[in-house]
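Numbered according to UniProt numbering, the sequence shown spans residues 1 to 330. Beta carbons: idealized from backbone N, C-alpha and C, even for Gly. Quick caveat: nothing in here was measured; it's all calculated off a predicted structure. What follows is one structure encoded as structure tokens, with my remarks underneath.
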Amino acid sequence: MRKIWVKADPWDKELVLTALESGADGIMVPDGCSEKVKELGRVTTICADGDLVPGNDVEIFTITSGDDEEAICRLAAQKLVILECTDWTIIPLENLIAKGADVAALVRSFDEAQLAFGILEKGVKQVMLDTRDEMELKKTLELLKGGTETLPLVEAEILEVTNIGMGDRVCVDTCQNMDTGQGMLVGNSSSALFLVHAETVSNPYVAPRPFRVNAGAVHAYTRVPGGRTRYLSEIKAGDEVEIISHEGKVSSAIVGRIKIEKRPMLLIKARIGDKGVATIVQNAETIRLTSPEGEPLSVVSLSAGDRVMAYHEEGGRHFGHKVDETITEK
1 MRKIWVKADP
11 WDKELVLTAL
21 ESGADGIMVP
31 DGCSEKVKEL
41 GRVTTICADG
51 DLVPGNDVEI
61 FTITSGDDEE
71 AICRLAAQKL
81 VILECTDWTI
91 IPLENLIAKG
101 ADVAALVRSF
111 DEAQLAFGIL
121 EKGVKQVMLD
131 TRDEMELKKT
141 LELLKGGTET
151 LPLVEAEILE
161 VTNIGMGDRV
171 CVDTCQNMDT
181 GQGMLVGNSS
191 SALFLVHAET
201 VSNPYVAPRP
211 FRVNAGAVHA
221 YTRVPGGRTR
231 YLSEIKAGDE
241 VEIISHEGKV
251 SSAIVGRIKI
261 EKRPMLLIKA
271 RIGDKGVATI
281 VQNAETIRLT
291 SPEGEPLSVV
301 SLSAGDRVMA
311 YHEEGGRHFG
321 HKVDETITEK
């Protein structure tokens, strides 16, 4: 996940407040100011009396030539390296990214941050933003903090929907509202996940709960930031989950609450190409999958031949991480 650090040195209370309210991962402030930040909000501070101490945990490195790259790689394996280029250029960053060094590029604007995050398509994982412009800071955090990853979703053809009796299902209540076409990827197999739609739809009996995804059974997989999967039963308040649109756009949300309750369940079988895939969800009108157009489709109305959005990948997973081996899940 992308990290955006903010430099507020010299001390600027309004800049720090903007950084906190916009979701900065950490703030660099003058020595002696860590407690001032902590009085305003909980966040990682960089200063002599902070959570990360320059010289011990953090190294500010001004790169002047290609000869510095090996030294930077060694430092980055031990500390947070904030990298400043004498004439802001992407060449040193390209080289360091290619060598696998995790550095924070010092940037001074939204445009520079956007460029740093996009270098070699992979980009740096973190930047240190040095600006006194509160609007530039807010814009950078709001537009770049969530990431720009896109997953190649595919259409799955419904084969059958079957009542299978009672089971423990998981509702994921997030700390944000979702829109039509958004939800979470959930499935019986980590290699085939269905886009379960958020509860954004009104009906005569239940008010919309756009912060909620009634995701599926406790055993099911879902995606979390970092390209990993976790079982729904493992998710808890404070964790992050991926929110996906029907176009495959990825963002993340903080989990506010998990509800696990016994409910009647449905087994949904489908086909992606010639591969059979499945998921188990609660048998209720308010649980919906997602059409190719982004419309929510109630699971109680699904019929053979209907098409819904899903994510499919080759290979398998080991403790949530993708591995290149053959794994069969039935």
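Secondary structure in the UniProt domain "3-dehydroquinate synthase N-terminal" (1-143): the beta strand (DSSP E) runs of 3 residues or longer, each lying completely within the stretch, are 3-7, 26-28, 44-46, 58-63, 80-85, 104-107 and 126-129 in chain order. Contact between Ala310 and Ala192 holds, since their C-beta atoms are separated by about 6 Å, short of 8 Å. DSSP places Ser189 in the uninterrupted beta strand (DSSP E) bounded by Gln182 to Ser189. Rounded to whole angstroms, the gap between the alpha carbons of Gly256 and Glu70 is 43 Å. Per DSSP, Ser233 lies in no beta strand (DSSP E) and is assigned neither H nor E. Between Leu232 and the set Thr162, Ser245, Phe110 and Val213, the nearest pair of CA atoms involves Val213. A residue is called buried once 16 or more other Cβ atoms fall within 10 Å of its Cβ, and Leu143, having fewer, is exposed. With 16 or more other Cβ atoms inside 10 Å of its own Cβ, Tyr221 counts as buried.
Comparing C-alpha distances from Asp168 to each of Asn177, Asp130, Lys145 and Gly216 shows the shortest one belongs to Gly216.
Counting C-beta atoms within 10 angstroms of its own C-beta, Gly55 has fewer than 16 neighbours from the protein chains shown and is therefore classed as exposed. Spanning the alpha carbons of Glu157 and Val281 requires a straight line of approximately 17 Å. The residues Val255 and Ile258, in chain order, have a CB closer than 8 Å to that of Lys236 in the same chain once the five nearest residues on each side in sequence are set aside. In the structure shown, Val196 falls within a strand segment according to DSSP collapsed to helix, strand and coil. Residues of the same chain with a CB within less than 7 Å of the CB of Glu285, apart from the 5 flanking positions on each side, are Asn203, Ser298 and Val300 in chain order. Around the Cβ of Glu39, a 10 Å sphere holds fewer than 16 other Cβ atoms; the residue is exposed. Where Gly226 is concerned, there is no enclosing beta strand (DSSP E), because DSSP gives it neither an H nor an E. In the DSSP assignment, Thr286 falls outside any beta strand (DSSP E) and carries neither an H nor an E.
In this structure, Met28 and Trp11 do not form a Cβ contact; the two beta carbons are roughly 11 Å apart against a cut-off of 8 Å. Residue state for Val300 is assigned as helix, using DSSP reduced to three classes. A Cβ-Cβ distance of about 19 Å is found for the pair Leu106 and Glu134, leaving them out of contact under the 8 Å criterion. A direct Cα-to-Cα measurement between Pro30 and Lys79 gives close to 19 Å. Three or more Cβ pairs closer than 8 Å define a contact, and the stretch 162-177 meets that threshold against the stretch 261-280. Rounded to the nearest whole angstrom, the CA to CA distance from Gly276 to Phe211 is 31 Å. If you look at Asp173, you'll find it in the beta strand (DSSP E) that goes Val154 to Thr174.
Here His312 carries a strand assignment [DSSP, helix/strand/coil]. Contact check for Ile260 against Val218 passes: the beta carbons are separated by less than 9 Å. Just measuring C-alpha positions, the residue of Leu289, Cys73 and Asp306 sitting nearest Glu199 is Leu289. DSSP, read as helix, strand or coil, puts Leu151 in coil. Relative to Gly181, the option among Lys13, Val201 and Asp173 whose CA is nearest is Val201.
Taken through DSSP and simplified to helix, strand or coil, Pro210 comes out as coil. In terms of Cα proximity to Asp51, the closest of Ser34, Gly41 and Thr64 is Ser34. Contact annotation, Arg223 with Leu195: C-beta distance approximately 11 Å; criterion of less than 8 Å not satisfied.
Counting only the Cα atoms, Ile60 lies some 15 Å from Arg108.
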